[in-house]
Every structure is written in structure tokens, then in C-alpha cells.
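Quick note: the sequence shown, position 106, residue 106 per UniProt numbering, numbers continuous.
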Amino acid sequence: APAVAETPDIKLFGKWSTDDVQINDISLQDYIAVKEKYAKYLPHSAGRYAAKRFRKAQCPIVERLTNSMMMHGRNNGKKLMTVRIVKHAFEIIHLLTGENPLQVLVNAIINSGPREDS
């Protein structure tokens, strides 16, 4: 029997792993795609995530960030530019905080969500 090939650890931009990213809000765990199943080297998949309802939840969260930065006419279609901007922003976040920039992004998304006051 052939030996099963060990899958390499997929890191975003070759630097940041998705393994240690924690999503502390249980209501958002299904909608923030950051785990191993959604790991990519680059946030550029050319996927069809708008074809069905709720399928955009399977789009990697960093790719959704890059897609949302391609707004307004002068930036339409310039995905490589937004990927470069996100990469540089993640470098700055890592240098300033020393944390995984993916974890910082997930925490920012959780903090931006509405809160129930009880």
C-alpha cells in the first residue's frame, strides 16, 4: 500500500497559520471561514460564493476582506492590489502586536458585530 502523503501546513502568504486562530463568539463560528478546511496561500480563489444562499460563509474570511476592498469605480477588479495591501497590513499588525494577524482580524470582526444588552 502506498504511504499517505503528508499534507503541508498551508499558511496565509506563507507566514501565518490558521491552526491557532480561535473564534470566541459561537454565533459567528459558522460564518467566519478561517480553519484548515478554508486555508489558502493567497486570498484569491475566483470562487463562485454568491451562487447560492449562505455560500459566501464558505469563502475564506481574508478573501472576503480583499473583495470588500475592491469597491468604488477606481478600484473595481484590482484584486491583486488589494491582496498586496492586505499582506502589507498583516505585516504591520504582526510587527506592532506580535500576534497572528488572522487572530487580530477575527477579533475585530467579532467586536464589530452587534451586542445584545441584557
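Yeah, the Cβ is synthetic: ideal placement off N, Cα and C, and Gly gets one too.
As the structure is a prediction and not an experimental result, all values here were calculated from the model.
- Distance from Pro43 to Val21 at the Cβ level is roughly 14 Å; contact not present, criterion being Cβ atoms closer than 8 Å.
- For Gly98 and His72, the gap between their C-alpha atoms comes out near 33 Å.
- Boundaries of the alpha helix (DSSP H) harbouring Met81: Lys79 to Thr97, taken from the DSSP string.
- Taken through DSSP and simplified to helix, strand or coil, Ser112 comes out as helix.
- Between the alpha carbons of Pro8 and Val34 lies a gap of roughly 17 Å.
- Taking 8 Å as the upper bound for CB-CB distance, Thr66 and Ala39 are not in contact here, some 15 Å apart.
- Put simply, the backbone Cα of Met81 is about 14 Å away from that of Phe90.
- Taking the Cα of Lys79 as reference, the smallest distance to any Cα among Tyr41, Ser45, Lys15 and Gln29 is reached at Ser45.
- Pro101 is the residue among Pro101, Ile110 and Met70 whose C-alpha sits nearest the C-alpha of Gly14.
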